[in-house]
Amino acid sequence: MALAQQSEGLKAGVAEPFPLSLERELGAVVHDHGTQFSIWAPSAKSVTLRFFTKGSSMEDGDVMVGTHQPELQSDGAWTIHFDENLHGTYYDYLVEQQDGNLARTADPWAKGTGVNGRRSMVVDLARTDPAGWEHDEHPTTPLGETMVAEMHVASFSANPHGGFPLEHCGKYLAFTDLGTTVDGKGKFPTGIDYFKQLGVTAIQLLPFYDYGSVDENDPRQYNWGYDPLNYNVPEGSYSTDPFDGTVRITECKQMIQSLHAQGFKVIMDVVYNHMYTADNWFERVVPGYFVRRNADGTLSNGSGCGDDMASERAMMRRYIVDSVTYWAREYHIDGFRFDLMGLIDTDTMNAVRRSLDALPGGKDLIMYGEPWAAGPSSTLPGTELANKEGLHLLDPRIGHFCDRTRDAIKGHVFERQIKGYVNGNAHDTRPQIELAVDAWRAPETNEGNAGQIIQYVSAHDDWTLWDKLCLSMIGDGSPESANKAESEYADDSHRTLESRDDALERAYRAEPGPPTHKVLEANTLAAGLIYTAAGIPFMLAGEEFGKTKFGNDNSFNSGVKVNELDWARAERMQGLVDYYRRLIAVRCANPSLFDAEHIAVEAPGNAVAYRSDNVAVLVNPDDEEYSLPVKRIDSAFADSLHDDLPEAPESASHAEERWVCMLDSSGTSTGEFRQTGMRIAGGRFPMPARTLSIWKRER
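Residue numbers (the numbering used here): 961 to 1659.
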């Protein structure tokens, strides 16, 4: 009945043109008494099921070994049953429409495929479980200690300095390798060990369902994967054998099992807003139903990819709910990041939340997405989309990325010259920073509760944080700034400027010199703001060592070299890495930073200062050193029920002695951090130029 209830969210006036199959299990299903095939094709005149010995026509020995005729049922599904367990059988369908149009198609509901996903495969899922899978459990990390790092499966281990077994480089199995170090020298950790030591608690993986833009048999090909082909099947290029449809499933589970064993939640990036091509399996099976169209019949393109999927349609909604639930149940996924969530209707998003909640432990599974789209989309009447205007209609446990925080901290995401708080525009953006650190919970800017706000300054899209800082602080286009930056890198006074790009290239590479030092200081401020702000901290993996793509702002198909985690750079940037590690440790040790009110207090210059329960954060982006009276921070919480200030006045000396420094960004460039544990002297917090410090008031 749960599936049937999903259709109740359809708005009045939206007519479904076909009978709905809301309760039948679709796809190829292996059970105790054989194998059942079911495909929803209500507009079809006939459907033919074909069996093959191989997963593609390119393979030696590929033979079609049978054709069968499913029967049409009253719910629009065509079904046929076999008494045998057909695990490992490859198949596809021929679907003939009423007008005689004949289309070959894979099964949209398939759980397995052959190489490159053009044929489906019957899977007895019990045979794909790795040893000990039945004991695999979701990590119990509280939401307030969720520290998300985003990465690509192949980029994680492709770098030759990573120390991974060669056969695992770029594969799921690299996530099972423990004890890896830079160049295998045993000094600086890489892989899972590195992220565990960093303090990351959740790994968000770029799409690892089966996507269409790469040849799975060619390891030289690379793509981010935002071009879905088969939603319910792992991508084959990350497996050690893409021709055997079971290998990718087992190895994907091994990856997740290993991450869980090390305490990481696994968050899956899902792209239900569009597909690889408008000529997708859904469109071949039921033409005109699953893809949105404009009034003139052309395809809606709010995704920028040419084919917006109609989530408001009952069967597309059912598909999305079933697909997400399947990944959570079968692959033990801990959370889902929805690409262009602003193209998915709110009823569907809420239906997904309800379905996950119904699973054992499902209420702890994470959901969040991008509350925007690439453009307008032609929806059916009465549809409310999960964009910024529709956030109030979403379940309060569905989160979203906060681009306002991102742009306030580092400047406009698309305009290199427009700066933010940490890189040269502190005066104009200071008010936004004070709102951002409290997760924009002021009445005039409210976006929801703290647990809904994904706070970030870097993601796979657009410039990396390091590159944006380089471009805005060094590469502003003027000969004067470029010449100044280049001369500051020079080993002697006789070096002349070759080009504006020369200084940028040196900054991208983080070569020693004042320009790199300034970028590094801005990076530490940006990170400090994110990890002390209310909400859920998120970063692109590698941000913590100044990851660069050398100014490439759209590297989706630029190759693994541009996108990889450069483990040698991580070792070279140990000071910054250690700063992030300390930040994350402070964050996890002080749960008030997650959702307690962050109260801003008056600070000198363009500095900001805020207090959350017994934690105070002081940020100074200016070139001038400041200080802040202790009593100003204390008075911020004088009337708070959560504060422990005594009723009787304290002496100034006693009050200041209770504040202890937990972290100071001074010395990040050298790794020589100012001694933590220092206490206040003279009744004032020190605020050195271009630094961030975190203080704790002892109970």
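All C-beta atoms, glycine included, are put in the ideal place defined by N, C-alpha and C.
Since we're looking at a predicted model, the values are computed, not measured.
Any beta carbon of chain C sitting closer than 7 Å to that of Pro1194? Protein chains in the displayed structure number just one, and chain C is not present.
If we count Cβ pairs, one from each stretch, closer than 8 Å, do we get three or more for the segment 1251–1258 versus the segment 1194–1204? no
C-alpha gap between Trp1069 and His1477, whole angstroms: 53 Å
Gln1164 - partner residues in DSSP beta bridges: Glu1110 and Ile1227
Could you name the residues of the same chain whose beta carbon sits closer than 7 Å to that of Glu1504, not counting the 5 residues immediately before and after it, in chain order? Leu1158, Leu1536, Val1537 and Tyr1540
Does DSSP put Leu1553 in a helix, in a strand, or in coil? helix
Alpha-carbon to alpha-carbon, Gly1637 and Ala1569: 19 Å
Given 8 Å as the limit, is there contact between the segment 1207–1217 and the segment 1015–1024, that is, 3 or more CB pairs closer than that? no
If the criterion is Cβ atoms closer than 7 Å, does the pair Arg1230 and Leu1219 meet it? It is Val, not Arg, that sits at residue 1230 in the sequence shown. No, the pair does not count as a contact, with Cβ atoms beyond the cut-off.
Among Pro1030, Leu1054 and His993, whose alpha-carbon lies nearest the alpha-carbon of Asp1043? His993
Lys1370 to Trp1423 span [Cα, whole Å]: 11 Å
Using the DSSP secondary-structure output, state which residues sit across from Gln1057 in a beta bridge. Ala1004
Measuring alpha carbon to alpha carbon, tell me which of Glu1531, Ala1560 and Ser1572 ends up nearest Arg1547. Ser1572
In angstroms with no decimal places, state the Cα-to-Cα distance between Leu1605 and Lys1656. Its pLDDT being 46, under 50, Leu1605 is placed unreliably in this model, and the coordinates cannot settle the point.
Candidates Asp1084, Arg1466 and Gly1495: closest to Asn1045 by CA position: Asp1084
Per DSSP, which residues does Pro1646 bridge with? Please list them. Ser1587
So, with DSSP's three-state summary, where would you put Pro1194? strand
Report yes or no: do the segment 1460–1479 and the segment 1342–1360 share at least 3 C-beta pairs separated by less than 8 Å? no
Please state whether DSSP places Met911 in a helix, a strand or coil. This structure cannot speak to residue 911, because the chain is shown only from 961 to 1659.
CA-to-CA distance, Met1433 to Gly1384, given in whole angstroms: 7 Å
For Ala1118 and Val1520, believed in contact at Cβ under 8 Å, the rounded distance: 4 Å
Identified DSSP bridge partners for Ser998: Gly987 and Thr1039
Under the three-state reduction of DSSP, which class applies to Tyr1051: helix, strand or coil? strand
If you drop the 5 nearest sequence neighbours on each side, which residues of the same chain put their C-beta closer than 8 Å to that of Ala975? none
Determine the contact status of Gly1015 and Tyr1050, defining contact as a CB-CB distance below 7 Å. yes
Between which two residues does the beta strand (DSSP E) carrying Gly1488 extend? Element bounds for Gly1488: not the beta strand (DSSP E) but the alpha helix (DSSP H), Pro1474 to Thr1492.
Given Ile1378, which residues of its chain have a CB within under 6 Å of its CB, disregarding the five upstream and five downstream residues? Gly1371 and His1372
List, from N- to C-terminal side, the alpha helix (DSSP H) runs of 4 residues or more that fit wholly inside the segment 1079–1134. 1113–1117
Could you give the distance in angstroms between the alpha-carbon of Gly1295 and the alpha-carbon of Pro1391? 33 Å
Once you ignore the five residues that flank His1047 on each side, which residues in its own chain have a CB closer than 7 Å to its CB? Val990, Val1082, Val1083, Asp1084 and Arg1087
Cβ separation of Thr1365 and Ala1396, assumed to be a contact under 8 Å, to the nearest whole Å: 4 Å
Closest to Ala1001 by C-alpha separation, out of Met1276, Gly1264 and Ala1109, would be which residue? Met1276
So Asn1310 is in the beta strand (DSSP E); what residue range does that whole segment cover? Careful: Asn1310 lies outside any beta strand (DSSP E), inside the alpha helix (DSSP H) at Thr1306 to Asp1317.
Express the C-alpha separation of Asp1268 and Val1284 in angstroms, rounding to a whole number. 18 Å
From what residue to what residue does the beta strand (DSSP E) around Leu1652 run? Thr1651 to Arg1657
How many angstroms separate the CA atom of Gly1144 from the CA atom of Val1055? 54 Å
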